[in-house]
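Engineer: Residue numbers (numbering that gives the first Met the number 0), protein chains in the order written: chain A, 0 to 403; chain B, 0 to 403. Ideal placement from N, C-alpha and C gives every residue a C-beta, glycine not left out. As the structure is a prediction and not an experimental result, all values here were calculated from the model.
2 protein chains.
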Amino acid sequence: MKRLVLKFGGTSVGTVEKIKKVANIIKKRHSEGNEIIVVVSAMSGATNELVKKSNLISKNFDEKELDSLLSSGEQVSSSLLSGAILDLGIKARSWLGWQIPILTNDNHNSSQIIKIKTDEILGFISNGGVAVIAGFQGISMENRITTLGRGGSDLSAVAIAKFFQTDSCEIYTDVEGVLTTDPAINDKAKKIDKISYEEMLEMASLGAKVMQPSAVQSSMIDNIPIHVRSTFSEKSGTKIISESEIDHKKAVTGIAYSKNNAKVSIVGVVDKPGVAADVFEPIGKNNINIDMVIQNTSLDGKTANITFTIKEEDLKKTLDLIEKNKQKINYNKVTHDDKLAKVSIIGAGMIASPGVTHKMFRALADEKINILAISTSEIKISVLVREDLIQKAVKVLHKTFELN
Amino acid sequence: MKRLVLKFGGTSVGTVEKIKKVANIIKKRHSEGNEIIVVVSAMSGATNELVKKSNLISKNFDEKELDSLLSSGEQVSSSLLSGAILDLGIKARSWLGWQIPILTNDNHNSSQIIKIKTDEILGFISNGGVAVIAGFQGISMENRITTLGRGGSDLSAVAIAKFFQTDSCEIYTDVEGVLTTDPAINDKAKKIDKISYEEMLEMASLGAKVMQPSAVQSSMIDNIPIHVRSTFSEKSGTKIISESEIDHKKAVTGIAYSKNNAKVSIVGVVDKPGVAADVFEPIGKNNINIDMVIQNTSLDGKTANITFTIKEEDLKKTLDLIEKNKQKINYNKVTHDDKLAKVSIIGAGMIASPGVTHKMFRALADEKINILAISTSEIKISVLVREDLIQKAVKVLHKTFELN
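1. Would you call the region 215 to 228 of chain A in contact with the region 155 to 163 of chain A, where contact means no fewer than 3 C-beta pairs closer than 8 angstroms?
2. According to the neighbour-count rule (16 or more other Cβ atoms, all chains shown, within 10 Å of its Cβ), is Val263(A) buried or exposed?
3. Show which residues of chain B have a CB atom less than 8 angstroms away from the CB atom of Ser57(A).
4. Can you list, in chain order, the residues of its chain whose CB lies under 6 angstroms from that of Asp153(A), leaving out five sequence neighbours each side?
5. Give the DSSP-derived three-state secondary structure of Asn304(A) in the structure shown.
6. Using the C-alpha atoms, what's the distance from Ser232(B) back to Glu175(B)?
7. Is Ile282(A) near the ligand PLP, judged by its Cβ being under 7 angstroms from some heavy atom?
8. Evaluate Lys52(A) with the Cβ neighbour count: other Cβ atoms within 10 Å of its Cβ, from every protein chain shown; 16 or more gives buried, anything less gives exposed.
9. Where does Ile321(B) sit, in a helix, a strand or coil, going by DSSP?
10. Can you say whether Val269(A) is buried or exposed, counting buried as having 16 or more other CB atoms within 10 angstroms of its CB?
11. So if I threshold CB-CB distances at 8 angstroms, which residues from the region 0 to 15 of chain A count as touching chain B?
12. Does any CB atom of chain B fall closer than 8 angstroms to the CB of Gln74(A)?
13. Which runs of the beta strand (DSSP E) fall wholly inside the region 52 to 125 of chain B and span at least 3 residues, in chain order?
14. In angstroms, rounded to a whole number, what distance separates the CA positions of Met219(B) and Lys379(B)?
15. Quick check on Ile240(B): does DSSP put it in helix, strand or coil?
16. Would you tell me roughly how many angstroms separate the C-alpha atoms of Gly128(A) and Glu197(B), rounded to the nearest one?
17. Hey, does Leu407(B) have any beta-carbon neighbour from chain A nearer than 8 angstroms?
18. According to DSSP, which residues form a beta bridge with Arg361(A)?
19. Between Asn126(A) and chain B, is there a C-beta pair that is closer than 8 angstroms?
20. Where does Ala255(B) sit, in a helix, a strand or coil, going by DSSP?
21. Does DSSP classify Gln136(B) as helix, strand or coil?
22. Along chain B, in chain order, which residues have C-beta atoms closer than 9 angstroms to that of Asp61(A)?
23. Exposed or buried, which one is Lys116(A) when buried takes at least 16 other CB atoms within 10 Å?
24. From Ile170(A) to Val342(A), what distance separates their C-alpha atoms?
25. Is Thr306(A) closer than 8 angstroms to Thr230(A) when the C-beta atoms are compared?
26. Does Ile18(A) have its Cβ less than 8 angstroms from a Cβ in chain B?
27. Excluding the 5 residues preceding and the 5 following Ala91(A) in the sequence, name in chain order all residues of the same chain whose CB lies nearer than 7 angstroms to its CB.
28. For Leu121(A), decide whether its Cβ has a neighbour in chain B, counting only Cβ atoms nearer than 8 angstroms.
29. Just list the residues that DSSP pairs Tyr171(B) with in beta bridges.
30. DSSP three-state label for Asn397(B), please.
31. Which class does Gly267(B) belong to by DSSP, given the choice of helix, strand or coil?
32. Do we get a CB-CB distance below 8 angstroms when we pair Ser67(A) with the residues of chain D?
33. Are any of the Cβ atoms in chain B nearer than 8 angstroms to that of Lys52(A)?
34. Taking 8 angstroms as the CB-CB limit, is Glu64(B) close to chain A?
35. Mind checking if Asn142(B) is an interface residue toward chain A, Cβ cutoff 8 angstroms exclusive?
36. Could you check whether the Cβ of Gln409(B) sits closer than 8 angstroms to any Cβ belonging to chain A?
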């Protein structure tokens with residue numbers, strides 16, 4: 000007998016019909032003799048609808064009331080799903096965050112799980128019951144409802160897998176698994192059978208929307224194997240597991256991209272210790288995320304150019320902050336560019352494959368795609384290109400690294 | 000300083016705009032120096048929408064899961080309203096049934112309130128905060144969410160007024176108060192300024208939809224003065240108070256009616272002790288509500304006719320049950336009639352006004368309205384008439400008893 004966490008996302012429970020379908024999947028897995036804990040998201044669209052209402056009420060809606068509001072979405076889906084399982088003649092019941100309880104800190108809207116009480120639910124599932132837990136929510140020490148942030152049901156599932164020491168954690172979603180790239184821009188995209196936590200983290204952070212980066216990180220820390228699979232097909236999906244369990248045959252596992260990037264270059268900065276701090280301190284203090292950073296010294300060796308990328312929406316504020324700190328930073332001029340995209344190749348296998356960098360740049364050059372900036376990590380190379388070249392770039396890289 | 004319960008129904012918080020309007024009403028009452036406890040229903044339509052979903056999932060949806068499902072409606076409205084009050088710069092917070100807690104028994108879908116803990120909320124309102132309580136819901140000893148039945152937010156408001164010993168309980172709704180009759184069938188209907196609990200109970204039970212009968216009953220038992228008033232006008236509404244505080248100038252206070260009644264007559268029943276029990280026992284055991292009952296002996300003194308009314312929807316089942324028990328009951332034949340209505344005049348003043356009965360029957364006779372059955376109580380006379388005569392009957396009685 001295995002103990003399983005089955006997590007169903009919003010699109011999997013988006014209608015009454017789909018909820019009944021999910022109940023049948025659960026019935027099948029239950030009949031195989033497994034102990035089942037289900038984690039469920041709000042019906043697709045429900046959370047957005049509630050957020051919209053709160054925005055119409057106040058531009059600055061209270062974060063504690065927002066958590067109480069938003070958690071109702073999973074309350075609806077968890078009770079409907081429980082009712083559907085019961086209707087199939089299987090013992091089931093729903094648990095809300097506060098009923099278990101799932102204790103979190105009081106960082107409302109993006110709380111972290113501290114502890115999950117397990118005895119009541121363990122008793123229930125060991126007696127053949129299916130426990131249906133409302134995802135995304137918990138309760139603070141102050142007895143207020145908390146939520147884990149957008150996509151937080153993935154985090155709930157991973158934490159529940161950890162505290163209940165389950166044998167696996169299956170993330171049911173509306174795609175067949177993690178793909179080598181976005182099928183919307185490259186129809187050659189293929190399902191990845193196995194991917195390491197580290198690779199998945201890069202893929203997720205760079206725009207693959209299958210699983211929340213923080214949930215991937217959390218599963219990595221506690222070494223919880225994840226199986227991302229489709230609600231609408233019985234095929235095996237993508238297993239997210241330890242690097243050590245994967246035999247990398249290819250240098251590159253997947254290709255991700257992100258849009259709406261902007262690039263800022265500060266030209267002719269006097270090159271002295273602390274200059275980067277002078278540039279980035281006011282930007283960071285304004286909650287603007289800096290992504291790639293490149294610094295190079297000019298030919299005379301006395302001044303440097305600092306280039307970095309940010310989200311397009313933060314461009315105006317960033318330029319204002321640099322202008323305001325002109326005297327302190329002491330630079331010659333500032334240039335900027337928007338409508339840029341970051342395209343990344345990701346693969347733990349590239350550590351053992353020399354020449355990946357060269358191969359990537361050559362492939363892009365052959366397509367006349369100009370690289371505006373480069374950043375690398377052990378398992379990732381990212382380049383900045385013009386946004387209208389994304390598709391061309393992804394396609395040539397997908398082919399070059401034998402993912403087609 | 001007064002301590003007030005202000006209860007807002009579903010139509011009062013049916014849209015984001017209306018929620019903002021309600022927040023402004025609360026702000027005004029708060030600025031007058033009152034301690035405010037708000038009770039709120041689900042946004043209009045929300046509960047029906049959830050019930051519909053549960054019915055699509057199962058014809059026999061689990062009652063505990065249904066309570067968890069339905070209580071989400073008040074969770075949404077209470078947090079939105081709290082957010083709207085906070086946005087006006089007033090300290091506020093929402094409380095769900097389990098957070099207070101409002102302890103109920105475990106009669107899911109129609110639970111009774113046992114106890115409400117008051118200390119946390121008393122501390123909050125005595126420090127100038129507005130407490131917003133989700134109506135309709137509580138929590139059982141088993142830590143499951145319970146609900147109080149349809150219209151249960153009125154019950155919540157009355158119970159909260161009792162446990163918090165408030166000075167008054169104001170029921171805000173979408174009409175200006177309790178009217179002398181249904182304005183949809185008589186445009187001469189007028190607002191009643193004061194009505195006794197007993198009269199209101201009859202009015203509510205007989206179809207005036209302003210307040211749930213069980214909530215009226217509950218306020219009567221604990222002698223809690225109710226003020227039914229409009230969310231959309233500042234005018235005073237209807238005060239529901241003790242009979243002793245009302246100076247009845249008129250014999251009749253209001254006229255109510257109910258549709259979809261059916262009448263069953265069992266003719267030629269052998270008149271012996273226990274025969275009525277033999278008739279009604281099987282019907283009662285099948286959860287069919289019997290309303291009016293008339294028994295009269297035939298001329299020979301050996302047999303009796305028993306006539307009673309039920310809801311139209313229960314007619315078929317009732318006839319089947321009588322047929323099934325034919326031998327035991329021992330009767331000659333059964334006749335029945337449907338599409339009937341009950342029209343009632345209600346007024347504590349009729350105790351002191353002889354001739355009301357006569358006046359009523361004369362008025363109906365003058366309009367050629369045939370009376371099919373009669374039942375009376377100390378403060379009410381009901382007659383059964385054909386459903387298509389409701390409007391005519393209500394209009395003539397409204398005029399006859401000087402309510403125009």
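Structural biologist: Quick look at the numbers:
1. yes
2. On the first sequence, residue 263(A) is found 264 positions in, with the first residue counted as 1. Buried.
3. The residue labelled residue 57(A) in the question sits at position 58 within the first sequence. Within chain B, the residues near Ser57(A) are Gly82, Ala83, Leu85, Asp86.
4. Counting from one through the first sequence, the residue named residue 153(A) turns up at place 154. Excluding positions up to five away in sequence, the list reads Met210, Gln211, Ala214.
5. Position 305 of the first sequence, counting from 1, holds the residue named residue 304(A). Strand, per DSSP.
6. Stepping through the second sequence from its first residue, residue 175(B) is reached at position 176. Stepping through the second sequence from its first residue, residue 232(B) is reached at position 233. For Glu175(B) and Ser232(B), the distance between alpha carbons rounds to 7 angstroms.
7. As for the ligand PLP, it is missing from this structure, which has no ligand bound.
8. Taking the first residue of the first sequence as position 1, residue 52(A) is located at position 53. Lys52(A) should be labelled buried.
9. As a working mapping, residue 321(B) is identified with position 322 in the second sequence. In the structure shown, Ile321(B) sits in a helix (DSSP, three-state: H, G or I).
10. Within the first sequence, residue 269(A) is the residue found at index 270, counting from 1. Flag for Val269(A) reads exposed.
11. Listed by position along the chain: Val15.
12. Residue mapping note: residue 74(A) aligns to position 75 of the first sequence, counting from 1. By this cut-off, Gln74(A) is an interface position.
13. 91 to 94, 101 to 103, 112 to 115
14. Here residue 219(B) is taken as the residue at index 220 of the second sequence, counted from 1. Here residue 379(B) is taken as the residue at index 380 of the second sequence, counted from 1. Distance between the alpha carbons of Met219(B) and Lys379(B): 18 angstroms.
15. In the second sequence, counting from the first residue as 1, residue 240(B) sits at position 241. Ile240(B): strand per DSSP, three-state reduction.
16. Along the first sequence, read from residue 1 onward, the residue named residue 128(A) stands at position 129. Along the second sequence, read from residue 1 onward, the residue named residue 197(B) stands at position 198. So the alpha carbons of these two residues sit roughly 48 angstroms apart.
17. A question about residue 407(B) goes unanswered here, because the residues of chain B that appear run from 0 up to 403.
18. The residue you call residue 361(A) lines up with position 362 of the first sequence. Secondary-structure assignment with DSSP links Arg361(A) through no beta bridge to anything.
19. Residue 126(A) sits at position 127 when you count from the first residue of the first sequence. Judged by the 8 angstroms Cβ criterion, Asn126(A) is not in contact with chain B.
20. In the second sequence, the residue the question calls residue 255(B) occupies position 256. Strand, per DSSP.
21. Translated into positions along the second sequence, residue 136(B) becomes position 137. Strand.
22. Counting from 1 along the first sequence, the entry for residue 61(A) is found at position 62. Here the neighbours are Ser78, Ser81, Gly82, Leu85, Asp86, Ala91, Arg92.
23. Here residue 116(A) is taken as the residue at index 117 of the first sequence, counted from 1. By the neighbour-count criterion, in which a residue is buried when 16 or more other Cβ atoms sit within 10 angstroms of its Cβ, Lys116(A) is exposed.
24. Locating residue 170(A) in the first sequence gives position 171, where the first residue counts as 1. Locating residue 342(A) in the first sequence gives position 343, where the first residue counts as 1. Distance between the alpha carbons of Ile170(A) and Val342(A) is about 26 angstroms.
25. Residue mapping note: residue 230(A) aligns to position 231 of the first sequence, counting from 1. Residue mapping note: residue 306(A) aligns to position 307 of the first sequence, counting from 1. Contact: no.
26. As a first step, residue 18(A) must be located in the first sequence, where it is residue number 19. True, the Cβ-Cβ gap to chain B drops below 8 angstroms.
27. Along the first sequence, read from residue 1 onward, the residue named residue 91(A) stands at position 92. Cβ neighbours of Ala91(A) beyond the five flanking positions: Ser81, Ile84, Leu85, Gly128, Val129, Val131.
28. To locate residue 121(A), count along the first sequence from 1; it is residue 122. So, not an interface residue.
29. Within the second sequence, the letter at position 172 stands for residue 171(B). Answer is Phe7(B), Arg228(B).
30. Mapped onto the second sequence, residue 397(B) falls at position 398. For the record, residue 397(B) in the displayed sequence is His; it is not Asn. Helix at His397(B).
31. For this step, residue 267(B) is matched to residue 268 along the second sequence. Three-state result, Gly267(B): strand.
32. Here chain D cannot be found, since the structure's protein chains are A and B.
33. Numbered from 1 along the first sequence, position 53 holds the residue referred to as residue 52(A). Yes, its Cβ sits closer than 8 angstroms to a Cβ of chain B.
34. For this step, residue 64(B) is matched to residue 65 along the second sequence. With 8 angstroms as the cut-off, Glu64(B) counts as an interface residue toward chain A.
35. Working through the second sequence from its first residue, we reach residue 142(B) at position 143. By this cut-off, Asn142(B) is an interface position.
36. With chain B covering 0 to 403 only, the question about residue 409(B) has no answer from this structure.
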